[in-house]
Every structure is written in C-alpha cells, then in structure tokens.
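Numbering (the numbering used here), first residue to last: 467 to 856. Here's the structure, in structure tokens; my notes come after.
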Ligand code: DI6
Ligand code: FE
C-alpha cells in the first residue's frame, strides 16, 4: 500500500511499484501494473510501503557530546545560562576542533547508522561546530564522505552563523564579514553545501548580521534556511521569507505576520520536537496558525549534542503528534514530502511517483497511523535505497 496520490497520503491499496535504474517508473494498483514486464518481481506480502524518510535538519558531525551539560540542566541550570557561561555550542566547537578527522567521521557514522536503521534515506547535515573556514570545510567534507560510504543521500548545509567563536569575542562584525566575504565564497566554489543556515536568537545572531550573510549566499547561488523563533521572536521567519528561504526551523515563537510571510514565500516550517522536549519548553509552535496559512509542515530530528540528542526519526514523528498536536498523517508527510521540499528536493525524493528515487521503507504495521503512535518504534522491516535493499 503506497502513499502517493489522492487523499492527503494518497494511499494505494493493493498497490505495486515499478522500479528501473534506481528510480520509480510506475505506481498504481497491482492490476494496473499487471502488463508491466518486470525482470524481477518482489512480493511484499501486503506490507505498508512509504517513501524513505527524509530527515531535513540535523547537526550530525561534532566532537564529544554534552551529557555533562544535560546533567547541569537537570540540576537546574538553563540552556541559555550554560551558553552564556561559555558552555553550549562553544564547548562542542572546542571538542570538534580538537577531534581528528577519523574521530569525527566515526562518531557521525554511528549516529547516521541509527537514523538509517530508523528508515532515513535522505539526511541533511549541517556544519556549524567549526566556525572558521577550514574547520567548517572539514565538517562539510565529513558529511560528504558519509554520503559516499553509507546508503543514504546526504544534503550538506553550511551553518556558519551558529555561535560567535571565542577568537572573535567583541569582534562580532569581523566574524560576520569573514563569513560573508571568505567562508561562503570558499564553500560555494568548492560546491560543498547546497544552502546556508544561521541561528537567529538573542544568544546567537541578530537579523542585520544574518542579512549580510544571506546576501552573500544569494550572490553565490546558495539557498538559505534559518533557525528562527526558537526561544524568542526576533522576526526570523519574516527575514527568512524575504530571502525565499527553503525553510524556517523551530518556530515556537512564530507570530501571524511570520506565518503569512512564510506562506507567501513557500518557505517550509520545520518543527523540531526533540529540542522542545529536551529543553522542556512550554510554548508549542503554532500548528493551527501554520495550517490556516497553508504553510507546509516538516518534522526533523535536529540531532545535535546540545538540545536534541535524538537518533530516531519515528520518535520525532511521535513527539510531533503527542507534543505539538500533529496528526499521524501530517507527521508522515512532515518526514517525507514536506521534508523533501524543505531541502528543495521535492522532485527527487520524499514521495513515491514516477521519476523519484526508489527510496522506500517497508513497515510491519497495520496502518500508517502507527508511525506516529508507537513510542520508540524500531525501523522498517526493509529499507530500499535507490532501488536496492540497503
Ligand atoms: N538550535 C539548536 O537547537 C541547536 N542549534 C541551533 O542553532 C543547538 C545546538 C547545540 O546546542 O549544540
Ligand atoms: Fe538545529
């Protein structure tokens, strides 16, 4: 049974999928494909088939972890307090810069394999823990090599404005200028990233700084995306929409103007329940407002060492339903078709249709609602990547 057309999920009962050269060539009722001459027929025994899952927001490559800060938070310190005291992202930057390439690759591969086992076939990986040109390029290269060695499509993103690196303390403008004038051109020329991301927040960067960097991204032919309105409203969603951003992510503090601007620009709302859960946030993203404005909603793990050490895509779907009030259908679309859109890849992955990659998950479930329902569902029974079992 196949999501793909008609009702929101486009379920096809008694369906069949024809695959050739790693791509879907036909989808329909089994009877409709009866005349199709196949070199090989693989019966799936009536299982549910979904598109391979798309995790459109992760920070998978980093040194060390922050279990110590987690313990501090449990003892009462807040994420912002820890960040302002030099912990938080800055501590992971120090561990990342000190890590060898092999350490970075090995630890990221282990996390990636967990996502893959959970059903992910396309993953976005942000840099952001290097914060100088050479270190950011190193992280993007790790992401790229993971895409070569593992059965998954990797979409690398340059997250340059993540935190102010310690060597630029009191020299914010110089850091922003370096990112705009040196880092982005270097990454664009080496074709190491498809888009540029930034963290718009009181503890991170302000809109005028992000504009400078987004202007450079645009001039170098890179799309943008933005961590926006996570802990406070800074007008990030409107800013993102003004640059035709692929996505604005988090959005707990989104307001009506921001939602309207996103709808107008076609910017996808990427909701990250893992961070909401781990930070024990109280304010939920305004899901009804997003629906009312017709903003497409995606879900991602946001896998990162600080605010979302989450390694399960179906857990993200469950949290999106239970914590944010999405329907299981919305959660599934959020990790497939809308996530693909957040990556600008809607013509390639995230749905089962002719011309799309044959990236599929075969699930041992009785209805697709189970993907949102179970807490800690093991991955799919079978995962097909580019037409092959993987
Ligand atoms: N928002 C987040 O939730 C993560 N990055 C970001 O910009 C947090 C990253 C971290 O704490 O290491
Ligand atoms: Fe993030």
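Built from N, CA and C at the ideal position, the CB exists for glycine as well. These figures come from a predicted structure and were not determined experimentally.
Can you grab the Cα-Cα spacing for the pair residue i / residue j, in whole Å?
i           : j           : result
residue 706 : residue 682 : 14 Å
residue 770 : residue 597 : 16 Å
residue 575 : residue 501 : 42 Å
residue 803 : residue 812 : 7 Å
residue 689 : residue 645 : 15 Å
residue 643 : residue 675 : 9 Å
residue 699 : residue 519 : 30 Å
residue 742 : residue 794 : 18 Å
residue 601 : residue 684 : 22 Å
residue 807 : residue 781 : 21 Å
residue 603 : residue 630 : 17 Å
residue 696 : residue 555 : 15 Å
residue 613 : residue 834 : 28 Å
residue 615 : residue 758 : 42 Å
residue 587 : residue 805 : 12 Å
residue 635 : residue 652 : 23 Å
residue 547 : residue 515 : 45 Å
residue 678 : residue 639 : 10 Å
residue 702 : residue 853 : 39 Å
residue 621 : residue 545 : 28 Å
residue 474 : residue 821 : 20 Å
residue 718 : residue 814 : 30 Å
residue 727 : residue 721 : 10 Å
residue 665 : residue 563 : 20 Å
Helix, strand or coil for residue i per DSSP?
i           : result
residue 765 : strand
residue 851 : strand
residue 856 : coil
residue 517 : strand
residue 843 : coil
residue 477 : coil
residue 531 : coil
residue 618 : coil
residue 612 : helix
residue 716 : strand
residue 676 : helix
residue 681 : helix
residue 690 : strand
residue 857 : Here the chain covers residues 467 to 856 and nothing more, so residue 857 does not appear.
residue 664 : strand
residue 815 : coil
residue 522 : coil
residue 790 : helix
residue 547 : helix
residue 499 : coil
residue 802 : coil
residue 836 : helix
residue 486 : strand
residue 584 : coil
residue 774 : strand
Would you mind giving the Cβ-Cβ distance between residue i and residue j, rounded to the nearest angstrom? I have them listed as a contact below 8 Å.
i           : j           : result
residue 493 : residue 818 : 5 Å
residue 739 : residue 799 : Between residue 799 and residue 739 the Cβ distance is about 15 Å, and since that is not below 8 Å, they are no contact.
residue 774 : residue 712 : 20 Å between Cβ atoms; not a contact.
residue 715 : residue 693 : 5 Å
residue 599 : residue 535 : At roughly 27 Å, the Cβ-Cβ gap does not stay under 8 Å, so residue 599 and residue 535 are not in contact.
residue 761 : residue 735 : 5 Å
residue 488 : residue 824 : 6 Å
residue 521 : residue 589 : 5 Å
residue 779 : residue 755 : Between residue 755 and residue 779 the Cβ distance is about 25 Å, and since that is not below 8 Å, they are no contact.
residue 765 : residue 783 : 6 Å
Closest to residue i by C-alpha separation, out of the options, would be which residue?
i           : options               : result
residue 523 : 593, 490 and 569      : 593
residue 733 : 708, 755 and 645      : 708
residue 637 : 652, 671, 620 and 617 : 671
residue 513 : 479, 608 and 640      : 479
residue 483 : 475, 517 and 474      : 517
residue 777 : 759, 731 and 841      : 841
residue 687 : 667, 654 and 603      : 654
residue 605 : 588, 630 and 558      : 558
residue 429 : 561, 541, 505 and 542 : Nothing can be reported for residue 429, as the shown portion of the chain is limited to 467 through 856.
residue 667 : 586, 627 and 731      : 627
residue 541 : 511, 745, 622 and 720 : 745
residue 730 : 537, 764, 710 and 783 : 710
residue 768 : 620, 624, 591 and 843 : 591
residue 650 : 673, 625, 727 and 669 : 625
residue 658 : 623, 673 and 641      : 623
residue 481 : 510, 816 and 848      : 510
Answer yes or no: does any C-beta atom of chain D fall closer than 8 Å to that of residue i?
i           : result
residue 711 : Chain labels in this structure do not include chain D; a single protein chain is all it has.
Less than 7 Å separating the Cβ of residue i from some heavy atom of the ligand GTP?
i           : result
residue 843 : Here the bound small molecules are the ligand DI6 and the ligand FE; the ligand GTP is not part of this structure.
The region 743 to 758 contacting the region 788 to 806, beta-carbon criterion three pairs below 8 Å: yes
Meets three-Cβ-pair contact criterion under 8 Å: the region 579 to 588 and the region 550 to 563: no
Sufficient close CB pairs (3 or more, under 8 Å) joining the region 558 to 578 to the region 511 to 529: yes
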